[in-house]
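> Chains H and A, in that order, are what the protein sequence lines are.
Numbering of the first sequence is given in the numbering used here, commencing with residue 102 and proceeding in unit increments.
Numbering of the second sequence is given in the numbering used here, commencing with residue 102 and proceeding in unit increments.
We treat Cβ as the ideally placed atom computed from N, Cα and C, and that holds for glycine.
2 protein chains.
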Amino acid sequence: MAISRRGLMLVLSSPSGAGKTTISRRLLSEEPGIRMSVSATTRARRPGEVDGQDYFFEQPENFQLMVNRDELLEHAKVFGNYYGTPRGPVEDALSDGKDVLFDIDWQGTQQLEAKMRDDLVSVFIVPPSVAELERRLKSRAQDSDEVVAQRMAKAADELSHYPEYDYIILNNDVESSVASVRAILRAERLKRERQIGLPDFMKGLREGRT
Amino acid sequence: MAISRRGLMLVLSSPSGAGKTTISRRLLSEEPGIRMSVSATTRARRPGEVDGQDYFFEQPENFQLMVNRDELLEHAKVFGNYYGTPRGPVEDALSDGKDVLFDIDWQGTQQLEAKMRDDLVSVFIVPPSVAELERRLKSRAQDSDEVVAQRMAKAADELSHYPEYDYIILNNDVESSVASVRAILRAERLKRERQIGLPDFMKGLREGRT
Chain H
102 MAISRRGLML VLSSPSGAGK TTISRRLLSE EPGIRMSVSA TTRARRPGEV
152 DGQDYFFEQP ENFQLMVNRD ELLEHAKVFG NYYGTPRGPV EDALSDGKDV
202 LFDIDWQGTQ QLEAKMRDDL VSVFIVPPSV AELERRLKSR AQDSDEVVAQ
252 RMAKAADELS HYPEYDYIIL NNDVESSVAS VRAILRAERL KRERQIGLPD
302 FMKGLREGRT
Chain A
102 MAISRRGLML VLSSPSGAGK TTISRRLLSE EPGIRMSVSA TTRARRPGEV
152 DGQDYFFEQP ENFQLMVNRD ELLEHAKVFG NYYGTPRGPV EDALSDGKDV
202 LFDIDWQGTQ QLEAKMRDDL VSVFIVPPSV AELERRLKSR AQDSDEVVAQ
252 RMAKAADELS HYPEYDYIIL NNDVESSVAS VRAILRAERL KRERQIGLPD
302 FMKGLREGRT
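#1: Alpha carbon to alpha carbon, how far is H:Asp301 from A:Ser223?
#2: Just list the alpha helix (DSSP H) runs in the stretch 209–252 of chain H, keeping only unbroken ones of 4 residues or longer that don't cross its boundaries, in chain order.
#3: Closer than 8 Å, CB to CB, is A:Pro264 near chain H or not?
#4: Check whether the stretch 135–147 of chain H and the stretch 248–266 of chain H are in contact - that is, three or more C-beta pairs closer than 8 Å.
#5: From the DSSP secondary-structure annotation, give me the bridge partner or partners of A:Asn182.
#6: Report all residues from its chain with a CB closer than 6 Å to the CB of H:Tyr156; omit the five preceding and five following residues, and keep chain order.
#7: In three-state terms, what does DSSP make of A:Pro116?
#8: Determine the direct distance from the alpha carbon of A:Asp246 to that of H:Gly311, and round the result to whole angstroms.
#9: When the distance is taken between beta carbons, is A:Leu234 closer than 8 Å to A:Val249?
#10: Helix, strand or coil: how does DSSP classify H:Lys199 here?
#11: Touching or not, the stretch 274–283 of chain H and the stretch 206–221 of chain A, by the rule of three or more beta carbon pairs under 8 Å?
#12: Anyone know if the C-beta pair for H:Met167 and H:Pro190 falls short of 8 Å?
#13: So H:Ser278 and H:Ile205 are supposed to be a Cβ contact under 8 Å. How far apart are they, rounded?
#14: What residue range is occupied by the uninterrupted beta strand (DSSP E) comprising A:Val123?
#15: Using a Cβ-Cβ distance under 8 Å, would A:Met303 count as near chain H?
#16: Could you tell me the boundaries of the beta strand (DSSP E) in which A:Arg136 lies?
#17: Could you run through the stretch 222–247 of chain H and flag, in chain order, every residue whose CB is less than 9 Å away from some CB of chain A?
#18: In or out: A:Glu308 buried (at least 16 other Cβ within 10 Å) or exposed?
#19: Would you mind stating whether H:Arg287 and H:Arg106 have Cβ atoms separated by less than 8 Å?
#20: Give the interface partners of H:Gln296 over in chain A, defined as CB-CB distance under 8 Å, in chain order.
#21: Work out the CA separation of H:Gly298 and A:Arg290 for me, nearest whole Å.
#22: Would you kindly report the start and end of the unbroken beta strand (DSSP E) that includes H:Ile297?
#23: Taking the CB atoms as reference points, tell me whether H:Asp197 and H:Gly120 lie closer together than 8 Å.
#24: So which residues on chain H does A:Leu352 lean against when the C-beta distance must stay under 8 Å?
#25: Using a Cβ cut-off of 8 Å (strictly closer), state whether H:Thr311 contacts chain A.
#26: So, under 8 Å CB-CB, A:Tyr263 and A:Ile269 are touching, yes? Tell me the CB distance rounded to an integer number of Å.
#27: Below 8 Å between beta carbons: does that hold for A:Asn272 and A:Val231?
#28: Please report how far the alpha carbon of H:Phe225 lies from the alpha carbon of A:Arg241, in whole angstroms.
#29: Beta-carbon separation of A:Phe203 and A:Met110 under 8 Å?
#30: Under a CB-based cut-off of 8 Å, is H:Ala257 close to chain A?
#31: When you compare the CB of H:Lys121 with every CB in chain A, is at least one pair closer than 8 Å?
#32: Taking the alpha-carbon of H:Ile104 as reference, which of A:Met253, A:Arg252 and A:Pro229 has the nearest alpha-carbon?
#33: Determine the DSSP secondary structure at A:Ser261, reduced to helix, strand or coil.
#34: Shorter than 8 Å from the beta carbon of H:Lys292 to some beta carbon of chain A?
#35: How is A:Leu166 classed by DSSP in three states: helix, strand or coil?
#36: Whose Cβ in chain A lies nearer than 7 Å to the Cβ of H:Ala53?
Below you can see the structure in the form of structure tokens.
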């Protein structure tokens, strides 16, 4: 016996280097009921990228049309390209009892919050220390000192937005942080208002039909 | 590195026979940070019971004084005796970052809700079916048919109050239900507003002291 439920939107935010990407990947591989949100973008498709899987690749005119029609739950311009979250696939997943994972910053979270408050569960990942954050950013061999410095400045900005999140995880240890995100997901799925099949189930139970 | 937090009050309610007592015992033995709330009562102490551990045994006059002084978070009369939750030990535990478990009915939950809303996490355990509930009540050898019938009637009343709870767990399987309650506890401990040490920690992080 199971009670049908509405899916939820799980947002993971953190400064780059706090461990968010590792945690997201682990979550997607360990939790069958959740999938990554696929963004729409105006940037050119790179070799190997699949339309509708990595991104929905859109012409700028079409992207603007989606904005005008309120078909994007959030959108932003990054390095001259537009990125956004199409509403349709998210609504379909939620109605179908599937959860959707978002790896976005505080600005995207604020936009989602404004449109989808009841479906949103927001988690902010905090690095254990500034020294550790810097060490992790530097260990990415491909990044120049300048890029690291930029990321540290951006991290300070991102960190100031922690009060806008529902849950805060101090990422001392990846195993423990993955377990914490999974606990949040399990708990949020048990929230009464997400279990949309409950009124029917309880009626059956009270009337002795269940 | 850990961030100090305020404890929480975890309420487990269910009709008798839904499995609440088993789940409570497992939770107390597996989760070090939570302890059972100790009630005050006017009923006589039974052999083997320890004052301050099983109950705080009080004279009726003293119990009434506690009610008048608003020293009880909730109270009720059951079979001619009074039972209630003293405020002091709960407040001490919460301030100390410890969680408190309550095994109470919907009436007690409503009273706690009125006084301690921000600290309260309420969980309602639902039996998988009426037949299973009856089977579990009957398997308690000590109960007469009359007692079972009374409990079934009380169960129907209790079940009607599920919309007042934060989380609903369908108790198909004890292992899964214990894991669900533990996930709720872990998640609720990660709620931003319970992590009272966060503002200081984040200040240190932004200023590079952490």
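Looking at the atomic coordinates:
#1: Position 200 of the first sequence, counting from 1, holds the residue named residue 301 of chain H. Position 122 of the second sequence, counting from 1, holds the residue named residue 223 of chain A. Put simply, the backbone Cα of H:Asp301 is about 21 Å away from that of A:Ser223.
#2: Scanning the stretch 209–252 of chain H from its first residue to its last, the whole alpha helix (DSSP H) runs of 4-plus residues come out as 231–239.
#3: To locate residue 264 of chain A, count along the second sequence from 1; it is residue 163. Cβ-Cβ to chain H under 8 Å: yes for A:Pro264.
#4: Verdict: no, contact absent.
#5: The sequence position of residue 182 of chain A within the second sequence is 81, counting from 1. Its beta-bridge partners are A:Val179.
#6: For the purposes of this step, residue 156 of chain H is identified with residue 55 of the first sequence, where counting begins at 1. By the criterion of a C-beta distance shorter than 6 Å, H:Tyr156 is surrounded in its chain by Ser140 and Thr142, once the five residues flanking it on both sides are discounted.
#7: Residue mapping note: residue 116 of chain A aligns to position 15 of the second sequence, counting from 1. Here A:Pro116 sits in coil by DSSP.
#8: The count along the first sequence starts at 1 and reaches residue 311 of chain H at position 210. The count along the second sequence starts at 1 and reaches residue 246 of chain A at position 145. Per the sequence presented here, residue 311 of chain H reads as Thr, with Gly not at that position. H:Thr311 and A:Asp246: Cα-Cα distance of roughly 22 Å.
#9: By 1-based counting over the second sequence, the position of residue 249 of chain A is 148. By 1-based counting over the second sequence, the position of residue 234 of chain A is 133. No. Outside cutoff.
#10: Working through the first sequence from its first residue, we reach residue 199 of chain H at position 98. Looking at H:Lys199 - three-state DSSP - the assignment turns out to be coil, as it is neither helix nor strand.
#11: Counting Cβ pairs under 8 Å, fewer than three are found: no touch.
#12: Residue 167 of chain H sits at position 66 when you count from the first residue of the first sequence. Residue 190 of chain H sits at position 89 when you count from the first residue of the first sequence. No. Outside cutoff.
#13: Along the first sequence, one-based indexing puts residue 278 of chain H at 177. Along the first sequence, one-based indexing puts residue 205 of chain H at 104. Actually they do not touch by this definition, with Cβ atoms about 18 Å apart.
#14: Counting from 1 along the second sequence, the entry for residue 123 of chain A is found at position 22. A small correction: the amino acid at residue 123 of chain A is Thr; Val does not occupy that position in the sequence shown. Unbroken run through A:Thr123 is the alpha helix (DSSP H), Lys121 to Glu131; no beta strand (DSSP E).
#15: In the second sequence, residue 303 of chain A corresponds to position 202, counting from 1. Yes, A:Met303 lies at the interface with chain H (some Cβ there is under 8 Å from its Cβ).
#16: For the purposes of this step, residue 136 of chain A is taken as the residue at position 35 of the second sequence. Unbroken beta strand (DSSP E) run through A:Arg136: Ile135 to Met137.
#17: Those residues of the stretch 222–247 of chain H that come within reach of chain A (Cβ to Cβ, closer than 9 Å) are Val224, Phe225, Val227, Pro228, Pro229, Ser230, Val231, Ala232 and Leu234.
#18: Your numbering for residue 308 of chain A matches position 207 in the second sequence. Looking at its Cβ environment, which holds fewer than 16 other Cβ atoms inside 10 Å, A:Glu308 is exposed.
#19: Counted from its first residue, the first sequence places residue 287 of chain H at position 186. Counted from its first residue, the first sequence places residue 106 of chain H at position 5. Contact: no.
#20: Here residue 296 of chain H refers to the residue found at position 195 of the first sequence. The contacting residues are Ile269.
#21: If you number the second sequence from 1, residue 290 of chain A lands on position 189. If you number the first sequence from 1, residue 298 of chain H lands on position 197. Approximately 28 Å between the Cα atoms of the pair.
#22: In the first sequence, counting from the first residue as 1, residue 297 of chain H sits at position 196. That residue, H:Ile297, is in no beta strand (DSSP E); it is neither H nor E in DSSP.
#23: Within the first sequence, residue 197 of chain H is the residue found at index 96, counting from 1. Within the first sequence, residue 120 of chain H is the residue found at index 19, counting from 1. For H:Asp197 and H:Gly120, no; Cβs fall outside 8 Å.
#24: Because residue 352 of chain A is not part of the residues shown, which for chain A are 102 to 311, the question remains open.
#25: In the first sequence, the residue the question calls residue 311 of chain H occupies position 210. Yes, H:Thr311 counts as interfacial toward chain A.
#26: Within the second sequence, the letter at position 162 stands for residue 263 of chain A. Within the second sequence, the letter at position 168 stands for residue 269 of chain A. Here A:Tyr263 really is in contact with A:Ile269; their C-beta atoms are around 6 Å apart, less than 8 Å.
#27: Taking the second sequence and counting its residues from 1, one reaches residue 272 of chain A at position 171. Taking the second sequence and counting its residues from 1, one reaches residue 231 of chain A at position 130. Not in contact: A:Asn272 and A:Val231 (Cβ atoms no closer than 8 Å).
#28: Taking the first residue of the first sequence as position 1, residue 225 of chain H is located at position 124. Taking the first residue of the second sequence as position 1, residue 241 of chain A is located at position 140. Cα to Cα, H:Phe225 sits roughly 47 Å from A:Arg241.
#29: In the second sequence, the residue the question calls residue 203 of chain A occupies position 102. In the second sequence, the residue the question calls residue 110 of chain A occupies position 9. Result yes, Cβ atoms of A:Phe203 and A:Met110 sit closer than 8 Å.
#30: As a working mapping, residue 257 of chain H is identified with position 156 in the first sequence. Chain A, which has a Cβ nearer than 8 Å to the Cβ of H:Ala257, makes this yes.
#31: As a working note, residue 121 of chain H is residue 20 in the first sequence. For H:Lys121, the closest Cβ of chain A is not nearer than 8 Å.
#32: Within the first sequence, the letter at position 3 stands for residue 104 of chain H. Of A:Met253, A:Arg252 and A:Pro229, the residue nearest in Cα terms is A:Pro229.
#33: Here residue 261 of chain A refers to the residue found at position 160 of the second sequence. In this structure, A:Ser261 counts as coil in the three-state DSSP scheme.
#34: For the purposes of this step, residue 292 of chain H is taken as the residue at position 191 of the first sequence. For H:Lys292, the nearest CB of chain A lies under 8 Å from its own CB, placing it at the interface with that chain.
#35: In the second sequence, residue 166 of chain A corresponds to position 65, counting from 1. DSSP places A:Leu166 in helix when its eight states are reduced to three.
#36: Outside the displayed range of chain H (102 to 311) lies residue 53 of chain H, so it cannot be described from this structure.
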